[in-house]
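Residue 1 is where the sequence shown starts when you use full-length UniProt numbering, and the numbers rise one by one after that. Take a look at the structure below.
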Amino acid sequence: MKVTVVGAGNVGATCADVLAYREVANEIVLVDIKEGFAEGKALDIWQKAPIDLYDSRTIGATNDYSKSAGSDVVVITSGLPRKPGMSRDDLIGTNAGIVKSVTENVVKHSPNAIIIVVSNPLDVMTYQAHLTSKFPRTRVIGMAGILDTARYRAFLAEALNVSPKDIQAILMGGHGDTMVPLPRYTTVAGIPVTELIDKDKLNAILERTKVGGGELVKLMGTSAWYAPGSAAAQMVEAIVKDQRRVFPACIKLEGEYGINDCYLGVPVILGKNGVEKVIELDLNSEEKALLEASRKAVKEVMDVLQKLG
């Protein structure tokens, strides 16, 4: 098995490191536009193989996609963070151009790959990758839900003083402050979370989760990388090993939840073919209203991309 991670920055390098440590693939390729950057990160990861005892080989390449040829899964982390004075439209246009270029190279060298998009704005960049690749929607997936639910579960574990291993949860909708929390589907070792924590504390945790990325930017001056990189790696592992894991992931909806032609986070089954199935939950009226609000917010950003051409 072969996996390529495009973008050897903090998120991409973390993803490659986790994949190597877990021996998810025989070969893991890092590609970046910065001269020597991917080669250095890949060499560093390979040099700790004797320490952490794994056989996965990591290889770096500067803007050379030929080394990624025949990849089973490609993770796209490329893109620029929003800078002072940069409008949302500027950010979308810049990153869409980057994702478009990367996707064209992916299609050229790995036409049968499954693409996982991590670049921001997540939902619309997944849309861009889908437009460019012309792959079936099941093979172009955005990573956001795993990260969002991980933050939610981590906060809950801290508040309840329990192991995060025992907490299961689902969040839906767009990535960021329009995400749709689903406390009804949150459990601790099978126990509904609503029986273990009062409503106000739970709501505070949900609000903190919505701005989880922003909290880290304020603390560090940059966006997160350990959790996003690990989340992307978990998706890769589910696909490569055909685990059929149930995860929230961003995918183009085609009638599910009454929504068409919009990229939103929903629970799916991930396996060797990418998204094996979209799971439709029986949402109540309040949850449906929140999902609709999220859809409108994401569609506005998709419309910006369409206007930019």
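Even glycine gets a Cβ: it sits at the ideal position worked out from N, Cα and C. Everything numeric in this text was worked out from a predicted model, so none of it was measured.
Excluding five sequence neighbours on each side, which residues of the same chain lie with their C-beta closer than 8 Å to the C-beta of residue i?
{"i": "S66", "result": "H109"}
{"i": "I92", "result": "P121, V124, V301, V304, L305 and L308"}
Mark residue i as exposed unless 16 or more other C-beta atoms lie within 10 angstroms of its C-beta, in which case mark it buried.
{"i": "T14", "result": "buried"}
{"i": "Y127", "result": "buried"}
{"i": "D148", "result": "buried"}
{"i": "G36", "result": "exposed"}
{"i": "D55", "result": "exposed"}
{"i": "P248", "result": "buried"}
{"i": "A189", "result": "exposed"}
{"i": "S78", "result": "buried"}
{"i": "V217", "result": "exposed"}
{"i": "A69", "result": "exposed"}
{"i": "residue 390", "result": "No information on residue 390 is available, as it lies outside the stretch 1 to 309 that the chain covers here."}
For residue i, I'd like the list of residues in its chain whose CB is within less than 6 Å of its CB, leaving aside the five on either flank, ordered along the chain.
{"i": "L206", "result": "P181"}
At the level of alpha carbons, what is the spacing between residue i and residue j?
{"i": "A224", "j": "I167", "result": "22 Å"}
{"i": "V73", "j": "Q234", "result": "12 Å"}
{"i": "R244", "j": "G9", "result": "29 Å"}
{"i": "K210", "j": "G145", "result": "11 Å"}
{"i": "T94", "j": "L253", "result": "25 Å"}
{"i": "G274", "j": "G255", "result": "19 Å"}
{"i": "E276", "j": "A42", "result": "31 Å"}
{"i": "V278", "j": "A49", "result": "37 Å"}
{"i": "A38", "j": "A289", "result": "44 Å"}
{"i": "A25", "j": "D177", "result": "34 Å"}
With DSSP run on the structure shown, which of helix, strand or coil describes residue i?
{"i": "E27", "result": "strand"}
{"i": "A169", "result": "coil"}
{"i": "F135", "result": "coil"}
{"i": "E35", "result": "coil"}
{"i": "K210", "result": "helix"}
{"i": "E286", "result": "helix"}
{"i": "residue 313", "result": "Nothing in the structure corresponds to residue 313, since the chain is present only between 1 and 309."}
Excluding the 5 residues preceding and the 5 following residue i in the sequence, name in chain order all residues of the same chain whose CB lies nearer than 7 Å to its CB.
{"i": "A159", "result": "I197, K201 and I205"}
- prompt: If we count Cβ pairs, one from each stretch, closer than 8 Å, do we get three or more for the stretch 179-197 versus the stretch 163-171?
  reply: yes
message: Quick check: the stretch 230-242 against the stretch 18-31, are at least 3 beta-carbon pairs closer than 8 Å?
response: yes
task: Assess, as a yes-or-no matter, whether the stretch 110-120 is touched by the stretch 285-296 under the definition of 3 or more beta carbon pairs within less than 8 Å.
output: no
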